[in-house]
Every structure is written in C-alpha cells, then in structure tokens.
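Peer 1: Next up is a structure, given as structure tokens.
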Amino acid sequence: MGEPPRLVATDIDGTLLSDDRALSARTAGVLARITAGGTPVVLVTGRPIRWLQLVYDQLDAPLPAICANGAVVYDPVADEVLRADPLAPELLAEVARRLRAEVPGVSFAVEIVDSRQMRHEAHYPLRWDADAEAIRAVESPEELLAAPAVKLLVRAGEQDPDVFVRVVAGALEGLAEATHSSYSGLIEISAAGVTKAAGLAWFAARLGVDERDVLAFGDMPNDVPMLTWAGRAVAVANAHPAVREIADEVTGANTEDGVAAYLEKVFGLD
C-alpha cells in the first residue's frame, strides 16, 4: 500500500460508527494507536459541534473535527473553533426565496453559533435532535435567517434524496453548495465553495500535509469532494454508489470495523 499516510480523515456516521451510533473498542483502539504514533486523525462530518460528545465519549481522547460539511474546523481540547465559513443572512434569504419558489412544502432549519445551536421553522421535522437548550423553533421566517448559519437544512416531506438534491442544486447553481448524507430526503446547504474537501484542505495545510499524503474514508455523497481531493480514498462496503464509484478502494462495512481493518493493514498494527 506504499508509504503510510501523514493524515487520516474519516467521516463518522455510516463510516466509523455502527448503525446504532456505537464506536467499537477495536476502532477506538486503532485510532488511539495511530495518533499515539504521531499520525493525526481528523473527523470530517456533516454533524454539528454539539453532537460530537456522543463520539468523544467513546474515544480514548477527543479528536479534532471538521463539522457541518467543512464549514467549521473545531479543536475539542481547547473547545475552540479554528475556522468557520457561514452563509451570510442576505445569502440565506436569497437561498430560501429561491427554494420556496421551487419546492412545494419546503421547510428549513439552520445551524448557527458555529453549529452549537439550531433554529428551525415550527413545521420542520426534527429527526434526532432534542436538546431544548440548543434547539428551538423560531417565531418568524425573518428570525430564522437573521444570523449567519454554517448550514441550512432543507426538507419537503419524504423525498428521494438523489433526485431532490439535483432539484435544490439546480435552483441554487452558483449561489451555494447542496449535498446530502442520509436516505430521508434531507438536503444540506453550505456557502459556495464550502465542502468537506475545502475544510480538510485547510486543516491539512495547517499541519503542513500535502493532499497526496491524506487517507480519507467515507460513505455518502457529501463525502465525495473529500474523497476526490485526498491522495487515497476508501469507501466502506455499505457506501452510496456515488462514493464507491470514485473511491480508490473499498473496505469492510461500518458494521464490520471496515475503517479499523484498513488502518491496521496500512499502519502494520497486529
């Protein structure tokens, strides 16, 4: 497999975690051994900062994270946001205007305060978030779009996400990035040029690591920019077809410790 990478980047949901959001002892141990050996590991996720504790509770030590599909770079040791690329309020307003005109029954939520808080329209369906302090419904559409947001979340009932993302991206062409990381019809929107690849490129440059020396793992379409950018791209066996198509290699599924198995081979861990 050539020289070991100088930086390991991995998605979380569907890649590192099992389907019940558990991190296996094997995977946690491999990540700990790699970092102890001097190779940094960074989590690259669509999730917000406030969700990371679920993962950190299962790791030997917290790992740096690129959140909100590249919009936020987070240092958990200092609890510090190193970089943020939000959508400005005027841009949010134009995105919302276009999508309300294009998509019947559309509803929105926003990740604000560097993804430490979420605001949503009253009719926006919450699927997993239930933190009363960080998450609440807004009184008006104007309030929803009043603050810079690192991510805009879009739903319109049950949708085929692969079809729906094309509709949304078409309406926003040149204005913002649209992607998805679930099968429930949720579309995730970031500022133009903000992707997992952009966030990871900034993080790698900060460490002095070239893209050729980055090993990345992923499973969903929002991982495609990162996997295309990285020197070595590995899909888990359960990955979306769009990810398997562009990956250099495929490892075992998330339920089979696929990432850990691949890293054990790359780093010669017995």
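Quick note: the sequence shown uses my numbering, first residue 1048, plus one each step. By construction, the Cβ of each residue, glycine as well, lies at the ideal position given by its N, Cα and C atoms.
#1: Let me know the secondary structure DSSP gives residue 1050 once reduced to three states.
#2: Count the other CB atoms within 10 Å of the CB of residue 1230; is the residue buried (16 or more) or exposed (fewer)?
#3: From which residue to which residue does the beta strand (DSSP E) around residue 1119 run?
#4: Enumerate in chain order the residues of its own chain whose CB-to-CB distance from residue 1138 is below 8 Å, with the five nearest sequence positions on each side excluded.
#5: Three Cβ pairs or more, each shorter than 8 Å: is that satisfied between the stretch 1193 to 1209 and the stretch 1142 to 1158?
#6: Where do the N-terminal and C-terminal ends of the beta strand (DSSP E) with residue 1220 fall, by residue?
#7: Whose C-beta lies closer than 6 Å to the C-beta of residue 1150 among residues of the same chain, with five residues either side of it excluded?
#8: Check the DSSP bridge columns for residue 1262 and list the partner residues they point to.
#9: CB residue 1219 to CB residue 1146, shorter than 9 Å?
#10: Report the residue from 1200, 1106 and 1268 whose alpha carbon sits nearest the alpha carbon of residue 1079.
#11: Does the stretch 1255 to 1266 come close enough to the stretch 1284 to 1294 to have 3 or more Cβ pairs within less than 8 Å?
#12: Assuming residue 1082 is part of the alpha helix (DSSP H), what are its boundary residues?
#13: What do you get for residue 1305, buried or exposed, if any count of 16 or more other CB atoms within 10 angstroms of its CB means buried?
#14: Assign residue 1093 to one of two classes, buried (16 or more other C-beta atoms within 10 Å of its C-beta) or exposed (fewer than that).
#15: Terminal residues of the continuous alpha helix (DSSP H) containing residue 1113?
#16: Run through DSSP, which three-state label would residue 1242 get?
#17: Residue 1164: buried (16+ other C-beta within 10 angstroms of its C-beta) or exposed?
#18: Need the endpoints of the beta strand (DSSP E) that residue 1182 sits in, please.
#19: Just the C-alpha distance for residue 1256 and residue 1277, rounded to the nearest angstrom, thanks.
#20: For residue 1088 versus residue 1059, is the C-beta distance shorter than 9 Å?
#21: For residue 1215, tell me which candidate among 1235, 1284, 1308 and 1271 has the shortest Cα-Cα distance.
#22: Below 7 Å CB to CB, which residues in the same chain sit around residue 1271 once its five sequence neighbours on both sides are set aside?
#23: Spell out the partners DSSP gives residue 1089 in its beta bridges.
Peer 2: Let's see:
#1: Here residue 1050 refers to the residue found at position 3 of the sequence shown. Correct three-state label for residue 1050: coil.
#2: Stepping through the sequence shown from its first residue, residue 1230 is reached at position 183. It counts as exposed.
#3: By one-based count along the sequence shown, residue 1119 stands at place 72. Where residue 1119 is concerned, the enclosing beta strand (DSSP E) stretches over 1119 to 1122.
#4: Position 91 of the sequence shown, counted from the first residue, corresponds to residue 1138. Excluding its 5 nearest sequence neighbours in each direction, residue 1138 has C-beta neighbours in its own chain below 8 Å: 1222, 1223 and 1238, listed in chain order.
#5: Segments in contact, yes.
#6: Taking the sequence shown and counting its residues from 1, one reaches residue 1220 at position 173. Annotation: residue 1220 is outside any beta strand (DSSP E) and is labelled neither H nor E by DSSP.
#7: Within the sequence shown, residue 1150 is the residue found at index 103, counting from 1. 1203.
#8: Within the sequence shown, numbered from 1, the residue matching residue 1262 stands at position 215. According to DSSP, which records beta bridges pairwise, residue 1262 is partnered with 1055 and 1279.
#9: Translated into positions along the sequence shown, residue 1219 becomes position 172. Translated into positions along the sequence shown, residue 1146 becomes position 99. Going by C-beta atoms, residue 1219 is nearer than 9 Å to residue 1146.
#10: Stepping through the sequence shown from its first residue, residue 1079 is reached at position 32. Comparing Cα-Cα distances from residue 1079 to each of 1200, 1106 and 1268, the minimum goes to 1106.
#11: yes
#12: As a first step, residue 1082 must be located in the sequence shown, where it is residue number 35. It spans 1072 to 1083 - the alpha helix (DSSP H) in which residue 1082 sits, taken as one unbroken run.
#13: The residue given as residue 1305 occupies position 258 in the sequence shown. By the beta-carbon neighbour count (other beta carbons within 10 angstroms, threshold 16), residue 1305 is buried.
#14: For the purposes of this step, residue 1093 is taken as residue 46 along the sequence shown, with counting starting at 1. Its Cβ being crowded by 16 or more others within 10 Å, residue 1093 is buried.
#15: Position 66 of the sequence shown, counted from the start, is the residue given in the question as residue 1113. Residue 1113 -> not in any alpha helix (DSSP H); beta strand (DSSP E) instead, spanning 1112 to 1114.
#16: Position 195 of the sequence shown, counted from the first residue, corresponds to residue 1242. Residue 1242: coil per DSSP, three-state reduction.
#17: Taking the first residue of the sequence shown as position 1, residue 1164 is located at position 117. Label assigned to residue 1164: buried.
#18: Residue 1182 sits at position 135 when you count from the first residue of the sequence shown. Run containing residue 1182: 1182 to 1184, per the beta strand (DSSP E) assignment.
#19: Counted from its first residue, the sequence shown places residue 1256 at position 209. Counted from its first residue, the sequence shown places residue 1277 at position 230. Between residue 1256 and residue 1277, the C-alpha separation is close to 11 Å.
#20: On the sequence shown, residue 1088 is found 41 positions in, with the first residue counted as 1. On the sequence shown, residue 1059 is found 12 positions in, with the first residue counted as 1. Contact flag unset, no.
#21: As a position in the sequence shown, residue 1215 is number 168, starting the count at 1. Nearest C-alpha to residue 1215: 1235.
#22: For the purposes of this step, residue 1271 is taken as residue 224 along the sequence shown, with counting starting at 1. Once the five neighbours on either side are set aside, the close Cβ partners of residue 1271 are 1289, 1290 and 1293.
#23: Walking along the sequence shown from the start, residue 1089 turns up at place 42. The partner list for residue 1089 (beta bridge, DSSP) reads 1056.
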